[in-house]
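For the protein sequence lines, the chains are Z and Y, in the order given.
Heads up: the first sequence begins at 1 in the UniProt record's numbering, then just goes up one per residue.
Heads up: the second sequence begins at 1 in the UniProt record's numbering, then just goes up one per residue.
Using N, Cα and C, we set each Cβ at its ideal position, and we do this for glycine too.
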Amino acid sequence: MSITEYFELVFTDYTLRTITLGTAVLGAICGMLGSFAVLRKQSLLGDAISHAALPGIAIAFLITGAKDSNVLMLGALVSGLIGTFWIRGIITKTHLKSDTALGLILSLFFGFGMLLLTFIQKQPNANQAGLDKYLFGQAATLVEKDVTIMVIVTGICLIVLLLFWKEFKILLFDADYTKTLGFNTKFIDILITFFIVLAIVLGLQTVGVVLMSALLLAPAAAARQWTNSLKVMIILAAIFGAFSGVLGTAISASDNNLSTGPVIVLVAGVFVLFSFIFSPERGILFREIRFRKNRNDLQLKKTLQFMYGIAKTHENISHPHAIRILNNFQGFTKGSLRTMEEKEWIQLKGQEWSLTSVGFEEAKNLFNQQKND
Amino acid sequence: MTNPQIEIQLIGVVVAMACAIPGVFLVLRKMSLISDAISHSILPGIVIGFFITQDLNSPLLILLAALTGVITVVLVEVIQKTGLVKEDTAIGLVFPSLFSIGVILIAKNANDVHLDVDAVLLGELAFAPFDRLFISGMDMGPKSLWVMGIILIITILLLFLFFKELKVSTFDKGLSAALGFSPFVMHYGLMSVSSITVVGAFDAVGAILVVAFMIAPAATAYLLTANLKKMLLLSILFGAFSAISGYWLAHILDASISGSMTTVLGLLFFGVYLFAPNKGLLSVLYRQKQQRTEVSLITFLLHLNNHSEENERHINHLNEHINWQKVRSKTVVDLALKNNMISISNNIVSLTEKGKEFTNLALKYIMTNKDEKIEYMKDDFFLFRG
Numbered sequence: 001m002s003i004t005e006y007f008e009l010v011f012t013d014y015t016l017r018t019i020t021l022g023t024a025v026l027g028a029i030c031g032m033l034g035s036f037a038v039l040r041k042q043s044l045l046g047d048a049i050s051h052a053a054l055p056g057i058a059i060a061f062l063i064t065g066a067k068d069s070n071v072l073m074l075g076a077l078v079s080g081l082i083g084t085f086w087i088r089g090i091i092t093k094t095h096l097k098s099d100t101a102l103g104l105i106l107s108l109f110f111g112f113g114m115l116l117l118t119f120i121q122k123q124p125n126a127n128q129a130g131l132d133k134y135l136f137g138q139a140a141t142l143v144e145k146d147v148t149i150m151v152i153v154t155g156i157c158l159i160v161l162l163l164f165w166k167e168f169k170i171l172l173f174d175a176d177y178t179k180t181l182g183f184n185t186k187f188i189d190i191l192i193t194f195f196i197v198l199a200i201v202l203g204l205q206t207v208g209v210v211l212m213s214a215l216l217l218a219p220a221a222a223a224r225q226w227t228n229s230l231k232v233m234i235i236l237a238a239i240f241g242a243f244s245g246v247l248g249t250a251i252s253a254s255d256n257n258l259s260t261g262p263v264i265v266l267v268a269g270v271f272v273l274f275s276f277i278f279s280p281e282r283g284i285l286f287r288e289i290r291f292r293k294n295r296n297d298l299q300l301k302k303t304l305q306f307m308y309g310i311a312k313t314h315e316n317i318s319h320p321h322a323i324r325i326l327n328n329f330q331g332f333t334k335g336s337l338r339t340m341e342e343k344e345w346i347q348l349k350g351q352e353w354s355l356t357s358v359g360f361e362e363a364k365n366l367f368n369q370q371k372n373d
Numbered sequence: 001m002t003n004p005q006i007e008i009q010l011i012g013v014v015v016a017m018a019c020a021i022p023g024v025f026l027v028l029r030k031m032s033l034i035s036d037a038i039s040h041s042i043l044p045g046i047v048i049g050f051f052i053t054q055d056l057n058s059p060l061l062i063l064l065a066a067l068t069g070v071i072t073v074v075l076v077e078v079i080q081k082t083g084l085v086k087e088d089t090a091i092g093l094v095f096p097s098l099f100s101i102g103v104i105l106i107a108k109n110a111n112d113v114h115l116d117v118d119a120v121l122l123g124e125l126a127f128a129p130f131d132r133l134f135i136s137g138m139d140m141g142p143k144s145l146w147v148m149g150i151i152l153i154i155t156i157l158l159l160f161l162f163f164k165e166l167k168v169s170t171f172d173k174g175l176s177a178a179l180g181f182s183p184f185v186m187h188y189g190l191m192s193v194s195s196i197t198v199v200g201a202f203d204a205v206g207a208i209l210v211v212a213f214m215i216a217p218a219a220t221a222y223l224l225t226a227n228l229k230k231m232l233l234l235s236i237l238f239g240a241f242s243a244i245s246g247y248w249l250a251h252i253l254d255a256s257i258s259g260s261m262t263t264v265l266g267l268l269f270f271g272v273y274l275f276a277p278n279k280g281l282l283s284v285l286y287r288q289k290q291q292r293t294e295v296s297l298i299t300f301l302l303h304l305n306n307h308s309e310e311n312e313r314h315i316n317h318l319n320e321h322i323n324w325q326k327v328r329s330k331t332v333v334d335l336a337l338k339n340n341m342i343s344i345s346n347n348i349v350s351l352t353e354k355g356k357e358f359t360n361l362a363l364k365y366i367m368t369n370k371d372e373k374i375e376y377m378k379d380d381f382f383l384f385r386g
């Protein structure tokens, strides 16, 4: 199936429509909540939580024996939350740093989860197959019920986000100030962490434990490059996330050997790369261009200043001088002289230059001008 | 015990020791998550190396994959240097992307590669003894034992050779640069060793559990000691212990060996996290409670010092005026009595000579606020702590 075929089929084919809708909604909610994770410098919390969810899935299966994805997700949620709060406990109560705490919870919970999974696999009841889809995710297993849950969770999340908008925002940028204003920071903090964990758990089935953190981070990191406003950033991140989901699903559907999770992550990665390079304010490309332009400007002005030094010793400022005498000053080229002529700062005649009155005034005010040209 | 059983435990112990040594430095340098990143992003390196060598234990593959690990570190640093995102975001962006490339590479060449993402991520120690090294027909033991053994020996050798350089550059980058040990070289040396260890270990215990072997023993040891040498020894000990007991746990439960090794590591950490003297959760909580009571005591003494009138010093007045609950005021009064700071007659509390002296010193401390003197004062005056 080619990509164009995919887009023709997406509105008619039930499976494709469900999966596409699912990944799109997932991308959107992850982008939204990921913005908070990125700005709170908790980017890798997502990685830790997604790994920490594994034992919860296994235990939920062991207790109920059912493969109902909602029950398993509940287990994942509980175990993810336990992981999060243990991480917090380690950071606040001991001298271990956050990176160690994250790495510990990530690997220890995951190892325990592996133990349980292999234990389950040896059990006689045979319907355990498919639990390991949570490791790498399988978008193909999404059914309408899963998508409905995703949409509901996204809706609740949106409502909470709107209700607590100013609390979230102020906590994000100045936690101490929030406390002095009398907000219950602990509650706001737990609320937002809860939703981040929820988003991660939702995504496990689709992109899996390992790649979940990228889905959370990448849209937010890309969106951050285009704006300094939280509102715009969250909206942009949601859009980037949704597009990554749809495009990733489209590409992986067009080729049967591609699993959806990695493709979605790579598409999101391309968004990030593009934003890093081409964002007008912060992007590497425009930053480099601005840098070059500034450097050239500075060169020109240095040359002008040097000429001014020569010209002001003469009564007639436009008295022609040989270009040769600029030689002991290194900062000029033929090109830069021509640019100066275009700006009408100087006039070139053969091997000689002369300062114009415009250039003279410009040079005189070089050091006390406040305006930018 | 059968021969493969001994070999499995031996491999486990060697892997645990080889991981624990770089792990200690990663934890101390606050770079634990780099090991997580490396362990994922070596996947494309392994796949490409496997195309070339067709052998999971070949030295070339290990070097190629380790190179991907170092490239990850470089990429993270480059992205971080642009200032567009923070370090943790940079890590979180780089390794999933590389990992995805690896997964896609495997999926696209599924027919030529006898390599499974599950195997790379999770590993299977139980199969390790079956892949044996033969030199001119002689059975020299499991290949991965040799690979990890060599890596362990090199790591130990490097540790002994560069111990003081590593120590200095870990704790004081500026000093190490001033003394002429380039922190840059140390950093990349450590990164290379970590990458090689991760690659060597992945096929025994899997990429994610390598992270556990690196961080958990070191973090556990860090809660018990603040001495680098002791920390190294302890973490090697913890690693080896959990490798062996993890094997037997897996034997009993009939489950994944690496999973149960990690579980033992987790239990070990949990135990130490709760019960470590000085730095464990319980002793921190106990100390916090003690300090809370002692601060209350000082407040109480200052209150007494401020008031000579009897109604302010009446024992029942405490609850209403200082706004304490009954239990708390009782603890505080008892503590003060035990330490001979106050005397009570007719339900009127008054300071003793010793109490006055202590209160004056405490007042001076509060006014000048020179740090930490209060602890010595408490040692001098208190017979019983809160």
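In this structure, DSSP gives residue 378/Y a helical state, which the three-state scheme calls helix. Between the alpha carbons of residue 108/Z and residue 7/Z lies a gap of roughly 43 Å.
Using a CB distance cut-off of 8 Å, residue 218/Z counts as an interface residue toward chain Y.
Residue 216/Y reaches chain Z at 104, 107 and 108, counting residues in chain order whose Cβ is nearer than 8 Å. Within the DSSP bridge table, the entry for residue 134/Y names 139/Y as partners. Within the region 37 to 53 of chain Z, the residues whose Cβ lies closer than 8 Å to some Cβ of chain Y are 38, 41, 42, 43, 44, 46, 47 and 51, listed in chain order. Closest by C-alpha distance to residue 23/Y, out of 345/Y, 376/Y, 304/Y and 228/Y, is 228/Y. Residues of the region 23 to 36 of chain Y with a Cβ closer than 8 Å to any Cβ of chain Z, in chain order: 27, 30, 31, 32, 33, 35 and 36.
At least 8 Å separates the CB of residue 161/Y from every CB of chain Z.
Minimum Cα-Cα distance from residue 250/Z among the listed residues 223/Z, 267/Z, 221/Z and 183/Z corresponds to 267/Z. For residue 97/Z, the CB contacts under 8 Å within the same chain, skipping 5 residues up- and downstream, are 91 in chain order. Rounded to whole angstroms, the separation of the alpha carbons of residue 219/Z and residue 353/Z is 55 Å.
Bounds of the beta strand (DSSP E) holding residue 349/Z are 346 to 349. Within chain Z, the C-beta atoms nearer than 8 Å to that of residue 266/Y come from 108, 109, 111 and 112, in chain order.
If you ignore the 5 residues before and after residue 252/Z, its C-beta comes within less than 7 Å of the C-beta of 258, 259, 260 and 263, all in its own chain and listed in chain order. Shown here, residue 353/Z sits in a strand according to DSSP, grouped into three states. Against residue 86/Y, the close residues of chain Z are 38, 41 and 43, in the order they occur along the chain (beta-carbon pairs closer than 9 Å).
In this structure, the beta-carbon distance from residue 106/Z to residue 47/Z falls below 8 Å.
Pairing residue 197/Y with residue 335/Z, the inter-Cα distance amounts to about 56 Å. The beta carbon of residue 148/Y is closer than 8 Å to those of 11, 14, 15, 18, 200, 201 and 204 in its chain, skipping five residues each way along the sequence.
At a cut-off of 8 Å between beta-carbon atoms, residue 99/Z makes contact with chain Y. Neighbourhood of residue 320/Z in chain Y, by CB distance below 8 Å: empty, with the nearest CB roughly 48 Å away. For residue 117/Z, the uninterrupted alpha helix (DSSP H) segment begins and ends at 98 to 121. Chain-ordered, the chain Z residues with CB closer than 8 Å to the CB of residue 211/Y read 103, 106 and 107.
The beta carbon of residue 146/Y lies closer than 6 Å to those of 133 in the same chain, with the five residues before and after it left out.
Here the alpha carbon of residue 50/Z sits roughly 11 Å from the alpha carbon of residue 207/Z. Against chain Y, the CB of residue 61/Z has no partner CB under 8 Å away; the residue lies outside that interface. Close to residue 251/Y, with beta-carbon spacing below 8 Å, lies no residue of chain Z; the smallest spacing is near 12 Å. Across the region 41 to 75 of chain Y, no CB contact with chain Z closer than 7 Å is found for any residue. Just so you know, the alpha carbons of residue 361/Z and residue 302/Z end up roughly 15 Å apart. Interface criterion not met: the Cβ of residue 245/Y is under 8 Å from no Cβ in chain Z. Counted as a single uninterrupted DSSP element, the stretch harbouring residue 342/Y is not any alpha helix (DSSP H) but the beta strand (DSSP E) occupying residues 342 to 345.
Against chain Y, the CB of residue 166/Z has no partner CB under 8 Å away; the residue lies outside that interface. Bounds of the alpha helix (DSSP H) holding residue 79/Y are 59 to 81. Where residue 285/Z is concerned, the enclosing alpha helix (DSSP H) starts and stops at 284 to 311. Judged by beta-carbon spacing, residue 297/Y lies beyond the 8 Å limit of residue 264/Y, meaning their Cβ atoms are not closer than that value.
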